[in-house]
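Number of protein chains: 2
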Amino acid sequence: MGWGDLGAFGEPSKETPNLDQMAAEGMLFLDFYTANPLCSPSRAALLTGRLPVRNGFYTTNAHARNAYTPQDIVGGIQDSELLLPELLKKAGYINKIIGKWHLGHRPQFHPLKHGFDEWFGSPNCHFGPYDNRELPNIPVYRDWEMIGRYYEDFKIDLKTGEANLTQLYLQEALDFISKQQASQQPFFLYWAIDATHAPVYASKQFLGTSQRGLYGDAVREIDDSIGKILRHLQQLGISENTFVFFTSDNGAALISAPKQGGSNGPFLCGKQTTFEGGMREPAIAWWPGHIPAGGVSHQLGNVMDLFTTSLSLAGLHPPSDRQIDGIDLLPVMLQGKLIDRPIFYYRGNEMMAVRVGLYKAHYWTWSNSWEEYGKGTDFCPGQSVSGVTTHTQEEHTYLPLLFHLGRDPGEKFPLSFASEEYQLAMERITGIVQQHKDTLVPGEPQLNVCDKAIMNWSPPGCEKLGKCLKPPESDPKKCSWPH
Amino acid sequence: MGWGDLGAFGEPSKETPNLDQMAAEGMLFLDFYTANPLCSPSRAALLTGRLPVRNGFYTTNAHARNAYTPQDIVGGIQDSELLLPELLKKAGYINKIIGKWHLGHRPQFHPLKHGFDEWFGSPNCHFGPYDNRELPNIPVYRDWEMIGRYYEDFKIDLKTGEANLTQLYLQEALDFISKQQASQQPFFLYWAIDATHAPVYASKQFLGTSQRGLYGDAVREIDDSIGKILRHLQQLGISENTFVFFTSDNGAALISAPKQGGSNGPFLCGKQTTFEGGMREPAIAWWPGHIPAGGVSHQLGNVMDLFTTSLSLAGLHPPSDRQIDGIDLLPVMLQGKLIDRPIFYYRGNEMMAVRVGLYKAHYWTWSNSWEEYGKGTDFCPGQSVSGVTTHTQEEHTYLPLLFHLGRDPGEKFPLSFASEEYQLAMERITGIVQQHKDTLVPGEPQLNVCDKAIMNWSPPGCEKLGKCLKPPESDPKKCSWPH
Numbered sequence: 001m002g003w004g005d006l007g008a009f010g011e012p013s014k015e016t017p018n019l020d021q022m023a024a025e026g027m028l029f030l031d032f033y034t035a036n037p038l039c040s041p042s043r044a045a046l047l048t049g050r051l052p053v054r055n056g057f058y059t060t061n062a063h064a065r066n067a068y069t070p071q072d073i074v075g076g077i078q079d080s081e082l083l084l085p086e087l088l089k090k091a092g093y094i095n096k097i098i099g100k101w102h103l104g105h106r107p108q109f110h111p112l113k114h115g116f117d118e119w120f121g122s123p124n125c126h127f128g129p130y131d132n133r134e135l136p137n138i139p140v141y142r143d144w145e146m147i148g149r150y151y152e153d154f155k156i157d158l159k160t161g162e163a164n165l166t167q168l169y170l171q172e173a174l175d176f177i178s179k180q181q182a183s184q185q186p187f188f189l190y191w192a193i194d195a196t197h198a199p200v201y202a203s204k205q206f207l208g209t210s211q212r213g214l215y216g217d218a219v220r221e222i223d224d225s226i227g228k229i230l231r232h233l234q235q236l237g238i239s240e241n242t243f244v245f246f247t248s249d250n251g252a253a254l255i256s257a258p259k260q261g262g263s264n265g266p267f268l269c270g271k272q273t274t275f276e277g278g279m280r281e282p283a284i285a286w287w288p289g290h291i292p293a294g295g296v297s298h299q300l301g302n303v304m305d306l307f308t309t310s311l312s313l314a315g316l317h318p319p320s321d322r323q324i325d326g327i328d329l330l331p332v333m334l335q336g337k338l339i340d341r342p343i344f345y346y347r348g349n350e351m352m353a354v355r356v357g358l359y360k361a362h363y364w365t366w367s368n369s370w371e372e373y374g375k376g377t378d379f380c381p382g383q384s385v386s387g388v389t390t391h392t393q394e395e396h397t398y399l400p401l402l403f404h405l406g407r408d409p410g411e412k413f414p415l416s417f418a419s420e421e422y423q424l425a426m427e428r429i430t431g432i433v434q435q436h437k438d439t440l441v442p443g444e445p446q447l448n449v450c451d452k453a454i455m456n457w458s459p460p461g462c463e464k465l466g467k468c469l470k471p472p473e474s475d476p477k478k479c480s481w482p483h
Numbered sequence: 001m002g003w004g005d006l007g008a009f010g011e012p013s014k015e016t017p018n019l020d021q022m023a024a025e026g027m028l029f030l031d032f033y034t035a036n037p038l039c040s041p042s043r044a045a046l047l048t049g050r051l052p053v054r055n056g057f058y059t060t061n062a063h064a065r066n067a068y069t070p071q072d073i074v075g076g077i078q079d080s081e082l083l084l085p086e087l088l089k090k091a092g093y094i095n096k097i098i099g100k101w102h103l104g105h106r107p108q109f110h111p112l113k114h115g116f117d118e119w120f121g122s123p124n125c126h127f128g129p130y131d132n133r134e135l136p137n138i139p140v141y142r143d144w145e146m147i148g149r150y151y152e153d154f155k156i157d158l159k160t161g162e163a164n165l166t167q168l169y170l171q172e173a174l175d176f177i178s179k180q181q182a183s184q185q186p187f188f189l190y191w192a193i194d195a196t197h198a199p200v201y202a203s204k205q206f207l208g209t210s211q212r213g214l215y216g217d218a219v220r221e222i223d224d225s226i227g228k229i230l231r232h233l234q235q236l237g238i239s240e241n242t243f244v245f246f247t248s249d250n251g252a253a254l255i256s257a258p259k260q261g262g263s264n265g266p267f268l269c270g271k272q273t274t275f276e277g278g279m280r281e282p283a284i285a286w287w288p289g290h291i292p293a294g295g296v297s298h299q300l301g302n303v304m305d306l307f308t309t310s311l312s313l314a315g316l317h318p319p320s321d322r323q324i325d326g327i328d329l330l331p332v333m334l335q336g337k338l339i340d341r342p343i344f345y346y347r348g349n350e351m352m353a354v355r356v357g358l359y360k361a362h363y364w365t366w367s368n369s370w371e372e373y374g375k376g377t378d379f380c381p382g383q384s385v386s387g388v389t390t391h392t393q394e395e396h397t398y399l400p401l402l403f404h405l406g407r408d409p410g411e412k413f414p415l416s417f418a419s420e421e422y423q424l425a426m427e428r429i430t431g432i433v434q435q436h437k438d439t440l441v442p443g444e445p446q447l448n449v450c451d452k453a454i455m456n457w458s459p460p461g462c463e464k465l466g467k468c469l470k471p472p473e474s475d476p477k478k479c480s481w482p483h
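Protein sequence lines correspond, in order, to chains A and B.
Everything in the first sequence is counted per full-length UniProt numbering, starting at 1 for the first residue and increasing by one.
Everything in the second sequence is counted per full-length UniProt numbering, starting at 1 for the first residue and increasing by one.
Laid out in structure tokens, this is it:
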């Protein structure tokens, strides 16, 4: 989803009454970011509190490439990384992930090996091979074993967009919450739905109900489900003991727009890019009785902060033996404080940009290659800012492109290099970037090697279902990341 | 101002608490339009309830040109047009205009000759000649006579952006409302402030207070003033007897962005164009005790509706001897009804586009000429949609470009001509356009002739102030409208 997809963020159809209500009862974060313009690295950052370049969710196969965890990826989340659920266990939490995991699909990367107690969902998003039985469809797991595959046992009708997955995920969430409340155990629920990811889907009762087409139907179903989850917490009497945060892992995929892609509001470009449209996210914090209702924060936030904030809520400290990028947002949410901190915009192994206060400096610009663009792959449809949305990787490290996001949220008017404003802002930014680079210890890149043999041919549990497929011979190769 | 300039419409700085509160207490219109992408024609349409092509606020000097009323314009509002305040007089209303008139500046066009009882403001916007005494600065009137000129007696510091005009307009408004309440007379106040028009200005106490620069300072001062006006109505105990509507006369002028121009949110282009960014406006209706609080309407509305709605509120009927384009919005605001009606997007003498439901068909596209564009005049900075934001006037009358504004508010993905959806939508639209064109009787164009001799050299009252200037000899010419 994109920053502009919710009514509270100005989506002109205003079709998200439950999320808007959640914002009215909680705190709206207008300057909240994901850690990467792409899914897997963002989710790894969310769960580790660390930038992908530290936790290994990036590639060095080529410069500044977006990489993720398709079925043939060899890497995944390393045992050396400490995930939020692993740490929460120490405080007695029961942890469940519902939906998309995306931190690797080989046995050693299974979420139940990394702190989760329960899982209903899949290692990847619900994309290909779309029921082409020559290749394994993505498996759906319950806990340790698969219980079926997308398209085969969990239907997604690519023609109509109908699928009842969000309803399944909703019911799982409600049941888990009820169970935890009954057993009086603290819980962490990672509700990682994916209905707005192409191929976009919605349940029958939501199909055709949005002014925004199928994408809007999916958003409406998610919105409705979140309303039901929040009401469930209230009905169980645990809303004042439960911290809820809503956000997304990357900006709306404009490449799928308009039928399968959302809105990044006034921001430039979308998913895959380090412009605001790729990484600024809708974000709402909700904790009745604690977070004052109707709050609006301009704190620069990041999904990695949810790691540190959640630990803080559980009375735990983040690990001290490694660099943690997330900060504790409780002073922001409970006391209205503003914490000075930068936002780093990475693409693969490159820091493309940094935001400090209202200034954003681009050290590298790139949308995608001329070759891809010529074939119709466009991450910025209808938007073209000369010298900014470049189709070659442009280096600006000696004279960064600087924007003032207050006056110019759309990154359309770079400040003059000769201006006093540029000089003053860059002085501060340069120091911050220098310190960041000087102390950065990159993790071992996990997204370099691909091998068809390690796809989900025979996940655990496949025997019982008669759904084991025969893998081809191993043939590890450098993964190809075109953008 | 643009659709995206208010917090309630998703402006990321959320700096309009008073307007957002007005929306929370009233009704937000998300699909509200002005009658023209430019000031004078929009204001003429607001006060006559008629499209500029009917009330004469257009030019036939060239095809599809934006025209307005600079100081040397010979035309203005004709006596044959019936203005809202003229009609409201019949119901005993006292009418005041504060701020910008813009319907002609020669004696016969004076607002007090067209139904207003009082005036504090100026015939034009506060632009040039910026204190160049070779040409007359715009006069400021109190009722029949000028009391000074901009830059000379009413300071606007072009360097700092400081001017206290909004404070003067605010005090005038508060005083007028108090006076009317004391005399128990119904009133119509047209509060036509212009602080967000380049050169943008704000009072000292607002300068530097916005994240958005000087433009944001101006918005904040307007927002603050509107809060004070609404509270004044409440304190006088007349809020439940007073209908208040907030909107703008054209989209944000992106040509002045980012320092002097605002935001059109997710919409394409801005002022001067018939894309959504040029004509979709922020709009809020407020009438406590009548309009339910927190309403959001998707009614297609237009500034011309304020003419018909205001008459309806006063128990009057619109004139029956002429075509009125405005509709009565009371059923929308009071009973939540939706009225089926088209929106026509004109540029000068040409109907460029029409919206019917969620579909918008472009019959002509044009941003501005290659010649102007080459010199840096850009109405769509950072936006470029192939075949849509054209720099030549492109005719599509036989096969209009069709957009679905729900799925694609940014007008970036035209529907396929071959699709069934295109065929079905265009069938309906074609009938509506045909009927509109068949019955259209254009008014006499008022914006064709310019003459330096009729500038504001010696407005009434100039003698007392020693501010009369000697006009040159009359030399009427066709006005030049480049875009």
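For glycine and all other residues, C-beta sits at the position ideal for the given N, C-alpha and C.
- Taking a C-beta cut-off of 8 Å against chain A, the contacting residues of the stretch 347-369 of chain B are Leu358, listed in chain order.
- Here leucine 313 of chain A is not near serine 225 of chain A, since their CB atoms are 8 Å or more apart.
- The C-beta distance from methionine 22 of chain A to phenylalanine 206 of chain A rounds to 19 Å, too long to fall under 8 Å, and the pair is not in contact.
- Of A:Asn61, A:Ser474, A:Lys452, the smallest CA-CA separation from glutamate 134 of chain A is found for A:Lys452.
- At a cut-off of 8 Å, the C-beta of serine 13 of chain A has a neighbouring C-beta in chain B.
- With contacts defined by Cβ atoms closer than 8 Å, glycine 278 of chain A and asparagine 250 of chain A form a contacting pair.
- Around the beta carbon of serine 203 of chain B, 16 or more other beta carbons lie within 10 angstroms, which makes this residue buried.
- In summary, glutamate 81 of chain A is buried, with 16 or more beta-carbon neighbours lying within 10 Å of its beta-carbon over all protein chains present.
- Checking the DSSP bridge columns, you'll see tryptophan 119 of chain A partnered with A:Ile97.
- Assigned with DSSP and collapsed to three states, tyrosine 169 of chain A falls in helix.
- One alpha carbon belongs to phenylalanine 188 of chain B, the other to asparagine 95 of chain B, and they sit about 5 Å apart.
- Taking a contact as a CB-CB distance under 8 Å, the pair leucine 51 of chain B and aspartate 325 of chain B counts as one, their CB atoms being some 5 Å apart.
- Of the residues B:Pro266, B:Leu306, B:Leu424, the one whose Cα lies closest to the Cα of leucine 254 of chain A is B:Pro266.
- Distance between alanine 195 of chain B and glycine 99 of chain B, taken at the CA atoms: about 10 Å.
- Leucine 38 of chain A carries a coil assignment under DSSP once its states are collapsed to helix, strand and coil.
- Counting C-beta atoms within 10 angstroms of its own C-beta, aspartate 31 of chain A has 16 or more neighbours from the protein chains shown and is therefore classed as buried.
- With a beta-carbon spacing of about 6 Å, phenylalanine 379 of chain A and glycine 270 of chain A fall inside the 8 Å limit used to define contacts.
- Excluding five sequence positions before and after alanine 91 of chain B, the CB atoms of its chain that fall closer than 8 Å to its own CB belong to Pro186, Ala314, Gly315, Leu316, given in chain order.
- In the structure shown, the three-state DSSP call for arginine 43 of chain A is helix.
- Considering only A:Gln299, A:Thr273, A:Glu444, the residue with the shortest C-alpha distance to isoleucine 284 of chain A is A:Gln299.
- Taking a beta-carbon distance threshold of 8 Å, valine 200 of chain B does not count as an interface residue toward chain A.
- Here cysteine 450 of chain B carries a strand assignment [DSSP, helix/strand/coil].
- In the three-state scheme derived from DSSP, where H, G and I count as helix and E and B as strand, threonine 430 of chain B is classed as helix.
- By the criterion of a C-beta distance shorter than 8 Å, glycine 148 of chain A is surrounded in its chain by Pro139, Val140, Phe154, Leu465, Lys467, once the five residues flanking it on both sides are discounted.
- With fewer than three CB-CB distances shorter than 8 Å, the stretch 329-337 of chain A does not count as touching the stretch 360-369 of chain A.
- Identification of chain B residues near lysine 259 of chain A by a Cβ-Cβ cut-off of 8 Å yields Arg407, ordered along the chain.
- Glycine 10 of chain B has a beta carbon lying within less than 8 Å of a beta carbon in chain A.
- The distance from the Cβ of glutamate 411 of chain B to that of phenylalanine 275 of chain B is about 6 Å, consistent with a contact at the 8 Å cut-off.
- Cβ-Cβ distances below 7 Å link threonine 308 of chain B to Gly49, Pro318, Ile324, Gly326, Ile327, Asp328 in the same chain, with the five nearest sequence neighbours on each side left out; the list follows chain order.
- The Cβ neighbour count for tyrosine 346 of chain A, taken over all protein chains shown within 10 Å, is at least 16; the residue is labelled buried.
- Here valine 53 of chain A carries a helix assignment [DSSP, helix/strand/coil].
- Listed in chain order, the non-local C-beta contacts of glycine 76 of chain A below 8 Å within the same chain comprise Thr69, Leu103, Gly104, His105, Arg106, Gln108, Phe109, Gln446, local neighbours out to five positions each way being set aside.
- Within the DSSP bridge table, the entry for asparagine 302 of chain B names B:Tyr33 as partners.
- Residue pairing for glutamate 394 of chain A: DSSP places it in a beta bridge opposite A:Thr365.
- Runs of the beta strand (DSSP E) lying entirely within the stretch 103-155 of chain A and spanning at least 3 residues, in chain order: 118-122, 139-142, 145-149.
- Interface criterion met: the Cβ of glutamine 383 of chain B is under 8 Å from a Cβ in chain A.
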